[in-house]
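To convert, count from 1 in the sequence shown and add 1282; that's this note's numbering.
Even glycine gets a Cβ: it sits at the ideal position worked out from N, Cα and C.
Here the structure comes first, spelled out in structure tokens, and everything after it is commentary.
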Amino acid sequence: MINLLLFPVLIPFLFAAVLLLFPKKVKAQRVVTMIGLVFALASSFALLYKVKVNGVQALTLGSWAPPFGITMVSDMFSAMLVTSSLLIALFVVWYSFSSIGEEREKAFYYPAILFMLTGVNGAFTTGDIFNMFVFFEVLLMSSYVLIVLGGEKIQLKESIKYIIVNIVSSSLFVITVGYLYSVVGTLNMADISVKLAEIGPSGIVTVIAVLFLIVFGIKGGIFPLFFWLPGSYGAPPIPVLALFGALLTKVGVYAIMRTYTLFFTTDVGYTHNLLMILSILTIVVGCIGALAYFDVKQIIIYNIVIAVGVILFGASVMNESGMMGSVFYLIHDILIKGALFLLIGIIIKITGTSDLRKMGGLMKRYPLLAWVYLIVAFGLAGIPPLSGFIGKLLIVQGGFEGELLWQSIFILASSLLVLFSAIRIFIYAFWGEEKGEHLISERKYRHLLVPAITLASLTVLYGVGAEYLVPFMADATNVLLDPSIYVDAVFEGVK
């Protein structure tokens, strides 16, 4: 039993509570937030090392024997996601110092971020399906604050849709958990895995699996349940959009991958084929949206939808190559989307608009921004040796191994559309004649560019150094494909 896996959840929570005491002291808020994120990130790296050396870590609160107590579990998959979420939050907070504005900073901006991280990391770490619902609600309540912060008309309009959709999905979540409990009589995810394996193929279990796919699909943004996402994510300021785009959909994707590998494995022919079909349709709709808009935020937001489809396609084939590719690509997408949103935020700050047709000629004054953006765009599309390449390659390989020939070819073809959508921004914003006034000071430009470039550099290292990450990805894949590793860790954790 080890308490270390609670630190990335508790540290943001405790620091958020402290920040509530002095909301108007902006400099103190910034310093305390950064200290909290550094401590939480250090604990997540320590946890990552512990999981690598000693395997899956489990803790049942109150020392109750599972499945009676609330269990927290950290395997390599969840530990990497926790580390990635804290890393992205660190860069977003750093970027926010020069971009979000003091009025928003005084309106509980930093506590909301830390409370959201509490929910995100708790959802990644919990081993109890009802506790997952609780952590979802924690992150959603914090996101409600962040999406309306500033009170602009578009924010208030989109927040209503965002809140209603999430209330409906949360209600369905509770109902579905109730159905599952009526079948297996437990909420412990490891115990659910054991009980459902004993039950075997069952119509009611398949229905529950589809209901969970709907619940997590709404939160993850899969077709046709992503209708709320482009408008809601496009409304808040860029730092909030970067957090939402990098993290919130990934919690839904994680929940699908966790449940569809740990316990909904008794009717793979139906449930996982359904997941595969929906993932392909998600990519199709995402590509259409990314090509249809001239708004830079919407183009990248629809690329989030595309990435969700690619990740879930790899998970649906249920083989080693596809699953490892999904894990690689999931971490890649967290980092690359964070970097992209920070970079387009600088473009919007300079030009005062997110409309590509009103931009142009930025290359002359901002060449470094242009070339950094281009490198990140290549990484988004999966150009070797950048970060998107190895994950997509493994996903396509998994598709071929699973005899999904045309679907795998389509995944490859979608990379060209992703590249085209990202290059459109480069051509419109950086080439041609200069348009409009440049609305940013040299000092603010530098302050925004440094965190964006640093995060972009990490995405490059993630791709170039993929060989060194393979052992970590292999450990994550093994747990996902062999639920007994997870189950044994939970039931042996209190011995």
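Asked                                                                                                             : Found
Integer-rounded CB distance, given that L1731 should sit under 8 Å from I1657                                     : Wrong, their Cβ atoms sit about 14 Å apart, outside the cutoff.
Helix, strand or coil at L1341 [DSSP, three-state]                                                                : strand
Secondary structure of D1577, DSSP reduced to three states                                                        : strand
Pairwise C-alpha distance: N1403 and G1383                                                                        : 27 Å
CA nearest to the CA of K1501, picked from A1572, F1418, L1557 and G1568                                          : F1418
Proximal residues to L1454 (C-beta, below 6 Å), its chain only, five neighbours per side dropped                  : V1497
For N1470, three-class secondary structure by DSSP                                                                : strand
Residue of K1579, L1369, C1569 and M1606 minimising C-alpha distance to S1696                                     : C1569
Inter-residue spacing [alpha-carbon to alpha-carbon] between P1521 and V1375                                      : 8 Å
Pairwise C-alpha distance: V1466 and F1415                                                                        : 18 Å
CB-CB length for P1348 against D1473, believed under 8 Å                                                          : 7 Å
Local conformation of M1641 per DSSP, three classes                                                               : coil
Whole-number beta carbon distance between Y1377 and A1734, since they are thought to touch under 8 Å              : 7 Å
C-beta atoms of V1761 and M1358 nearer than 8 Å                                                                   : yes
Bridge-paired residues (DSSP) for V1355                                                                           : A1340
8 Å Cβ cutoff met for V1492 and T1553                                                                             : yes
Which of helix, strand or coil DSSP assigns to G1775                                                              : Since pLDDT at G1775 reaches only 47, below the 50 mark, its modelled position is unreliable, and the value read off the structure follows with that caveat. G1775 falls in the coil class under three-state DSSP.
Contact the region 1579 to 1589 vs the region 1697 to 1706: 3+ CB pairs below 8 Å                                 : yes
Paired residues, beta bridge with V1408 - DSSP                                                                    : Reading the sequence as shown, one finds Thr at residue 1408 and not Val. Answer is M1354.
Which of helix, strand or coil DSSP assigns to T1741                                                              : helix
A1328 in three-state terms, based on DSSP                                                                         : helix
Distance, Y1727 Cα to L1644 Cα                                                                                    : 13 Å
Entirely enclosed alpha helix (DSSP H) segments - the region 1519 to 1594, minimum 4 residues                     : 1520 to 1525, 1531 to 1544 and 1550 to 1574
Assigned exposure category for D1410 - 16 Cβ within 10 Å defines buried                                           : buried
CB contact flag (V1609, A1738, <8 Å)                                                                              : no
Burial state of K1777, where buried means 16 or more other Cβ atoms lie within 10 Å                               : Because the pLDDT at K1777 is just 43, under 50, the model does not fix this residue reliably, and the value given afterwards should be weighed accordingly. K1777 comes out exposed.
Validate contact between the region 1389 to 1398 and the region 1423 to 1436 using beta carbons, cut 8 Å, 3 pairs : yes
Minimum C-alpha distance to I1672 - residue among F1773, K1307, L1525 and I1593                                   : I1593
Whether V1742 touches G1661 by CB criterion (8 Å)                                                                 : yes
Beta-carbon gap between A1589 and L1699 smaller than 8 Å                                                          : no
Cutoff 8 Å; reference Q1689; Cβ partners in own chain excluding five residues on either side                      : M1558, I1562, F1595 and G1681
Extent of the continuous alpha helix (DSSP H) run through H1614                                                   : E1602 to T1633
Own chain, CB closer than 6 Å to V1320, minus 5 neighbours either side, in chain order                            : none
Sequence-distant residues of its chain with Cβ nearer than 7 Å to F1773 (five each side left out)                 : P1348 and A1472
For E1434, the first and last residue of its enclosing alpha helix (DSSP H)                                       : E1434 -> no alpha helix (DSSP H), and no H or E assigned at all.
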